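Student: Just add 24 to the spot in the sequence shown (first one is 1) and you have this note's numbering.
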Amino acid sequence: MFGFFKKKQKRTGYFASGPIFAYTLGGSGLDPMRASTVYACVKVLGESIAMLPWKVYKYGSRKRTDGSMSPYPPKYEQWQHPLNKCLLRQANPAMTALSFRMYMMRSLVLTGDAYAYVVRDSQNRTCELYPVPTSCITTALKSDGTIRYDVSFRTGQYIYDCPRSSLFHVCINPEDEYCLHGVNPIALQRRLLNIDDNAIQSLVQQYSNGVNSNLAIQTPDNVWLEQEKFDALKKQIQESYSGVANTGVPLLLEGGLKAIPLGISNKDAQFLELYQFTQEQICKIFRVPPHLIGDLTHATFSNIEHQSLEFLSYTLTPYINAFEQAAFSDLLTPEEQSSYETHLDTTEFDRGDRSSRYASYQIGIQNGILSTNECRAFEDMPPRENGDEYLRPLNMTPSVDDKSGDESET
Numbered sequence: 025m026f027g028f029f030k031k032k033q034k035r036t037g038y039f040a041s042g043p044i045f046a047y048t049l050g051g052s053g054l055d056p057m058r059a060s061t062v063y064a065c066v067k068v069l070g071e072s073i074a075m076l077p078w079k080v081y082k083y084g085s086r087k088r089t090d091g092s093m094s095p096y097p098p099k100y101e102q103w104q105h106p107l108n109k110c111l112l113r114q115a116n117p118a119m120t121a122l123s124f125r126m127y128m129m130r131s132l133v134l135t136g137d138a139y140a141y142v143v144r145d146s147q148n149r150t151c152e153l154y155p156v157p158t159s160c161i162t163t164a165l166k167s168d169g170t171i172r173y174d175v176s177f178r179t180g181q182y183i184y185d186c187p188r189s190s191l192f193h194v195c196i197n198p199e200d201e202y203c204l205h206g207v208n209p210i211a212l213q214r215r216l217l218n219i220d221d222n223a224i225q226s227l228v229q230q231y232s233n234g235v236n237s238n239l240a241i242q243t244p245d246n247v248w249l250e251q252e253k254f255d256a257l258k259k260q261i262q263e264s265y266s267g268v269a270n271t272g273v274p275l276l277l278e279g280g281l282k283a284i285p286l287g288i289s290n291k292d293a294q295f296l297e298l299y300q301f302t303q304e305q306i307c308k309i310f311r312v313p314p315h316l317i318g319d320l321t322h323a324t325f326s327n328i329e330h331q332s333l334e335f336l337s338y339t340l341t342p343y344i345n346a347f348e349q350a351a352f353s354d355l356l357t358p359e360e361q362s363s364y365e366t367h368l369d370t371t372e373f374d375r376g377d378r379s380s381r382y383a384s385y386q387i388g389i390q391n392g393i394l395s396t397n398e399c400r401a402f403e404d405m406p407p408r409e410n411g412d413e414y415l416r417p418l419n420m421t422p423s424v425d426d427k428s429g430d431e432s433e434t
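What follows is the structure, given as structure tokens:
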């Protein structure tokens, strides 16, 4: 797959192995994705970006048929451009575009950076993108102010001082003025994430001991068990009633012994409050509404809709802009940058709400913004005859003064 690296310099022993994301929780060697709230937040962010179509557009001429100049040049999707295939369908022979976007977003969220190696065709156009783990890239600032990238691949290949034009780097929160690295939220918030992971481990340990851990064995008044009987009872409980496999097995007691349920203690209640607090704090780190990860504690019918709009506007939009601007600078050639751009289509969020979608089509058609065939294309329906005409409401026809003004400006 990386045969074009054969002439590049190699260095043995540098190739990184192990987990894709080498950052751990508090130095404990735990993958941050093991924390349930982190996994849920990262999954929501990754899937939200991955489901958005990423397309390449080219601007047309601003000159109208009548010779006047339009302030808004037309924009056309470039189906035949190799970069459009990479971003929309297949990033490389081993990875679909959806998987590529999800991987890049997960890397960006967890480490602060997302990298991909760029393969170009004979015309210097981007034709393949291979994601590279951040742990496999070393950066250094040169004396002339440029950045040196040393890249190692899981295949064992190594590139010393990789050309900047061969890397696609997305960074949303720079750690320094040269954008060497992005801020790593996992490293900064490792103590909080450790609490979430330890809470889950505590629950697992509690259930591994079985449901009887919340029971107390009471003897009759003024009766003390002999050591031999006490050890026998303890062994019986541990062997026959402890563990998840023995959940629901009735506890057989004799000699007047009674099993008394303890219920939830103040300590357990504080533990659950702490776990709820860490969930909310982790959601704040990733700016994910709690209801998107299944926490409906403070959710109502009205505020869920508002939070979903905020999720698109304030959480995903900065990531979308980061991807689009990085693609402009790293994936388009200097010649293409004058007339090409990439765009992540957020209308995919409306796919599940047909009534709102059709209502927007109706407004667009009635006001001459969209044609019938354009709306049918959005719904993956074939065009129909005379469907390319744009309607204009009679009460919105421009006046004579407006027409004369347009002619004078042109």
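Glycine included, each C-beta is placed from N, C-alpha and C at the ideal position.
This one's a predicted model, so the numbers in the text were calculated from it and none came from an experiment.
1. Helix, strand or coil for residue 192, going by three-state DSSP, please let me know.
2. Judging by CA-CA distance, which residue of 353, 309, 372 is the nearest neighbour of residue 135?
3. For residue 335, collect the residues of the same chain with a Cβ closer than 6 Å to its Cβ; drop the 5 residues on either side in sequence, then sort them by chain order.
4. Here's a check: name, in chain order, each residue in its chain whose Cβ is nearer than 6 Å to the Cβ of residue 338, leaving out the five neighbours to either side.
5. Could you pull out every residue in the same chain whose Cβ sits closer than 6 Å to the Cβ of residue 174, ignoring the five residues on either side in sequence?
6. Please go through the same chain and pick out, in chain order, the residues whose beta-carbon is closer than 8 Å to the beta-carbon of residue 357, but skip the five residues on each side of it.
7. Please state if the CB of residue 355 and the CB of residue 107 are separated by a distance shorter than 8 Å.
8. Would you call the stretch 76–95 and the stretch 126–140 in contact, with 3 or more CB pairs under 8 Å?
9. On the DSSP letters alone, give me the boundaries of the beta strand (DSSP E) that residue 80 sits inside.
10. Would you kindly report the start and end of the unbroken alpha helix (DSSP H) that includes residue 134?
11. If the criterion is Cβ atoms closer than 8 Å, does the pair residue 76 and residue 139 meet it?
12. Which term fits residue 420, buried or exposed, when burial requires 16 or more other beta carbons within 10 angstroms of its beta carbon?
13. If you measure between the beta carbons of residue 111 and residue 121, is that distance less than 8 Å?
14. Tell me which residues share the same chain as residue 417 and place their Cβ nearer than 8 Å to its Cβ, disregarding the 5 neighbours each side in the sequence.
15. Tell me whether residue 354 sits in a helix, a strand or coil according to DSSP, three-state version.
16. Could you tell me the alpha carbon to alpha carbon distance between residue 333 and residue 387, rounded to whole angstroms?
17. So which of 87, 83, 109 has the shortest CA-CA distance to residue 99?
18. Could you give the distance in angstroms between the alpha-carbon of residue 142 and the alpha-carbon of residue 152?
19. State buried or exposed for residue 330, treating a residue as buried only when at least 16 other CB atoms are found within 10 Å of its CB.
20. Can you tell me where the alpha helix (DSSP H) with residue 410 in it begins and where it stops?
21. Can you tell me whether residue 110 is helix, strand or coil according to DSSP?
22. If you draw a straight line from the alpha carbon of residue 97 to that of residue 364, how long is it in whole angstroms?
Tutor: On the basis of the coordinates in this document:
1. Here residue 192 is taken as the residue at index 168 of the sequence shown, counted from 1. Correct three-state label for residue 192: strand.
2. As a working note, residue 135 is residue 111 in the sequence shown. Among 353, 309, 372, the Cα nearest to that of residue 135 belongs to 309.
3. The residue given as residue 335 occupies position 311 in the sequence shown. Hits under 6 Å: 313.
4. Working through the sequence shown from its first residue, we reach residue 338 at position 314. Excluding sequence neighbours, residue 338 sits near nothing in its chain.
5. As a first step, residue 174 must be located in the sequence shown, where it is residue number 150. Once the five neighbours on either side are set aside, the close Cβ partners of residue 174 are 162, 184.
6. Reading the sequence shown from its first residue, position 333 is the one you call residue 357. A distance below 8 Å between beta-carbons, with the five flanking residues on each side excluded, links residue 357 to the following residues of its chain, in chain order: 148, 149.
7. Within the sequence shown, residue 107 is the residue found at index 83, counting from 1. Within the sequence shown, residue 355 is the residue found at index 331, counting from 1. Yes, the Cβ-Cβ distance between residue 107 and residue 355 is below 8 Å.
8. no
9. In the sequence shown, the residue the question calls residue 80 occupies position 56. Residue 80 -> beta strand (DSSP E) spans 78–83.
10. Here the question's residue 134 lines up with position 110 in the sequence shown. Taken as a continuous stretch (DSSP letters only), the alpha helix (DSSP H) holding residue 134 covers 121–135.
11. For the purposes of this step, residue 76 is identified with residue 52 of the sequence shown, where counting begins at 1. For the purposes of this step, residue 139 is identified with residue 115 of the sequence shown, where counting begins at 1. No, they are not a contact pair.
12. Mapped onto the sequence shown, residue 420 falls at position 396. Exposed: under 16 other Cβ atoms inside 10 Å.
13. Working through the sequence shown from its first residue, we reach residue 111 at position 87. Working through the sequence shown from its first residue, we reach residue 121 at position 97. Yes, the pair counts as a contact, with Cβ atoms nearer than the cut-off.
14. Within the sequence shown, the letter at position 393 stands for residue 417. So the list reads 390, 391, 392, once near-sequence residues are dropped.
15. Here the question's residue 354 lines up with position 330 in the sequence shown. Three-state result, residue 354: helix.
16. Working through the sequence shown from its first residue, we reach residue 333 at position 309. Working through the sequence shown from its first residue, we reach residue 387 at position 363. So the two alpha carbons sit approximately 21 Å from each other.
17. Position 75 of the sequence shown holds residue 99. Looking at the Cα atoms, 83 is the closest of the given residues.
18. Numbered from 1 along the sequence shown, position 118 holds the residue referred to as residue 142. Numbered from 1 along the sequence shown, position 128 holds the residue referred to as residue 152. Residue 142 and residue 152: Cα-Cα distance of roughly 6 Å.
19. Locating residue 330 in the sequence shown gives position 306, where the first residue counts as 1. Residue 330 is exposed by the Cβ-count criterion.
20. Here the question's residue 410 lines up with position 386 in the sequence shown. Here residue 410 belongs to no alpha helix (DSSP H), and DSSP marks it neither H nor E.
21. Position 86 of the sequence shown, counted from the first residue, corresponds to residue 110. Helix at residue 110.
22. Within the sequence shown, numbered from 1, the residue matching residue 97 stands at position 73. Within the sequence shown, numbered from 1, the residue matching residue 364 stands at position 340. Approximately 12 Å between the Cα atoms of the pair.
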